[in-house]
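Residue numbers (our numbering), protein chains in the order written: chain R, 7 to 316; chain S, 678 to 849.
In this text, a Cβ means the ideal position worked out from N, Cα and C, and glycines have one as well.
Quick caveat, the model's predicted, so the values are computed rather than measured.
Please read the structure below before turning to the comments.
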């Protein structure tokens with residue numbers, strides 16, 4: 007189940023970034039990024055730490071100024087119409103820090119006001135319910151766990167019902183359960199509330215599960231851009247097969263005419279480069295040839311590529 | 678703009694540390710006043726011993742105005758500390774805590790945001806000073822009554838009773 011709005015709606019750009027550069031003294035953090043996020047997208051913004059993700063997001067939120075290049079959001083230039091644009095964006099930038107001495111409820115009330123709305127009691131409670139903090143509404147934020155703080159952070163990004171939601175590594179530091187909750191919430195926001203979402207992450211798997219389009223950036227440049235399904239389901243993959251008898255196993259594979267597919271052997275492991283539909287046949291042949299298959303670990307090429315980056 | 682200031686003020690006055698200043702003044706000032714009330718005569722005797730030989734002082738010298746003057750002269754060094762406790766948090770505290778970033782992602786211009794913080798800092802300072810003026814004057818007068826104010830600096834100034842009030846208020 008992936009968001010399909012991008013396909014149904016006319017492709018209407020929400021974020022357009024052209025030739026974006028950001029240089030600090032003696033260091034170029036972002037070197038000419040181009041990307042377009044369309045209405046209804048859940049857009050994965052991937053890259054290893056230090057690739058320039060946060061810098062780009064900070065420029066999108068006008069926290070810092072680009073050295074050169076252009077950012078258009080909702081078709082308007084960010085440098086010219088900052089306030090009217092920000093009114094329609096909700097964001098978590100880096101760690102979402104809120105006022106620990108105030109309750110979750112009060113935090114949302116104040117930040118909602120600052121976003122140009124008059125938050126109603128039901129409005130605030132609805133958002134808190136959405137992030138699963140309804141019964142802790144009146145507790146002070148400093149008493150919250152990390153996961154709960156992250157969810158209030160998400161709530162402050164949603165309080166003014168923005169059209170575009172920008173989340174900078176929203177699952178950092180969360181336990182697996184917390185990650186699942188955030189992921190479900192992102193899917194819900196996309197499907198039920200029809201929000202456009204830009205999600206930055208350094209975990210490919212996380213993006214794969216929610217996003218429909220993505221870019222991978224590395225060292226300040228876009229390395230790969232495209233449709234998540236297409237990028238990840240390319241035929242070719244790298245498989246590590248652990249067998250009981252290495253020489254027999256290699257022989258079986260060679261007999262299938264795949265000797266060129268064998269990239270490496272180590273211990274009892276054979277590393278193969280094959281297309282996806284060959285795997286089942288190889289597995290059967292190994293077992294029929296009297297070789298026990300201990301484990302099969304597939305690694306898709308994009309995954310491998312990404313691992314090499316990080 | 679007005680609502681920004683209100684938000685800043687709400688933040689200031691929903692913290693415990695904001696009231697430290699009020700509590701500190703609320704404790705220190707009466708303490709000084711009670712001490713003066715009990716032992717103030719000695720203090721005046723000591724300050725005026727040379728003069729007493731030559732002049733005859735009349736009326737209630739140990740009064741609320743004198744207490745207020747002494748308090749002002751002693752505490753004006755400490756008040757800025759109390760103020761910094763709160764106003765320092767307005768910007769530096771928020772920047773360090775990361776909440777400033779959350780504010781900057783709001784559709785509010787930075788100039789307005791900073792100006793709102795400045796104004797609310799001023800309002801807090803004014804409130805603290807007002808509080809100090811209130812208890813040091815009212816409580817002082819309640820305990821020790823009114824009278825002429827004697828101020829000893831290079832020379833001795835004696836302010837008439839009906840001339841004192843505005844001078845003290847201006848001092849605050």
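Asked	Found
Distance cut-off 8 Å: residue 694 of chain S Cβ against heavy atoms of the ligand GTP	As for the ligand GTP, it is missing from this structure, which has no ligand bound.
Segments assigned alpha helix (DSSP H), at least 4 residues, entirely inside the stretch 198-224 of chain R	210-216
Neighbour flag for residue 782 of chain S against chain R, beta carbons, 9 Å	yes
Exposed unless 16 or more other CB atoms sit within 10 angstroms - verdict on residue 816 of chain S	buried
Own chain residues within Cβ distance below 6 Å of residue 713 of chain S, not counting five before or after	744
Proximal residues to residue 20 of chain R (C-beta, below 8 Å), its chain only, five neighbours per side dropped	43, 44, 45, 47, 79, 80, 169, 170 and 202
Cβ distance (whole Å) where residue 689 of chain S is taken to contact residue 741 of chain S below 8 Å	No, residue 689 of chain S and residue 741 of chain S are not in contact; Cβ-Cβ is about 31 Å, not under 8 Å.
Outcome for residue 53 of chain R when other beta-carbon atoms lying within 10 angstroms are tallied against a minimum of 16	buried
Same chain only: Cβ atoms within 8 Å of residue 109 of chain R, ignoring 5 sequence neighbours per side	143, 144, 145, 146 and 147
Helix, strand or coil at residue 781 of chain S according to DSSP, with G and I counted as helix	helix
CB contact check: residue 140 of chain R to chain S, cutoff 9 Å	no
Residue 785 of chain S at chain R interface by Cβ criterion, 9 Å	yes
CB contact below 9 Å: residue 72 of chain R versus chain S	no
Proximity test, Cβ basis, 9 Å: residue 686 of chain S and chain R	no
Backbone CA spacing between residue 705 of chain S and residue 698 of chain S [nearest angstrom]	10 Å
Residues near residue 76 of chain R in its chain [Cβ-Cβ closer than 6 Å; skip 5 each side]	24
Within 9 Å, strictly: CB atoms of residue 205 of chain R and residue 312 of chain R	no
Close-in-space but distant-in-sequence residues of the same chain around residue 681 of chain S (CB under 7 Å, 5 per side omitted)	785, 789, 790 and 793
Proximal residues to residue 834 of chain S (C-beta, below 6 Å), its chain only, five neighbours per side dropped	828
C-beta atoms of residue 748 of chain S and residue 813 of chain S nearer than 9 Å	yes
Range covered by the alpha helix (DSSP H) that runs through residue 291 of chain R	285-294
9 Å Cβ cutoff met for residue 105 of chain R and residue 776 of chain S	yes
Contacts of residue 776 of chain S in chain R (Cβ-Cβ under 8 Å)	103, 104 and 105
Spatial distance of residue 314 of chain R from residue 244 of chain R (CA atoms)	13 Å
Start-to-end residues for the alpha helix (DSSP H) that takes in residue 753 of chain S	Unbroken run through residue 753 of chain S: none, as it is neither H nor E.
Three-state class that DSSP yields for residue 746 of chain S in the structure shown	helix
Cutoff 7 Å; reference residue 268 of chain R; Cβ partners in own chain excluding five residues on either side	256, 259, 276 and 278
Residue ranges of each alpha helix (DSSP H) within the stretch 151-189 of chain R, 4 or longer	152-164
Cutoff 9 Å: residue 681 of chain S Cβ touching any chain C Cβ	Protein chains in the displayed structure are R and S, and chain C is not among them.
Whether residue 295 of chain R touches residue 254 of chain R by CB criterion (9 Å)	yes
Three-way DSSP call (helix, strand, coil) for residue 41 of chain R in this model	strand
Residue-chain proximity (residue 121 of chain R, chain S), Cβ-Cβ < 9 Å	yes
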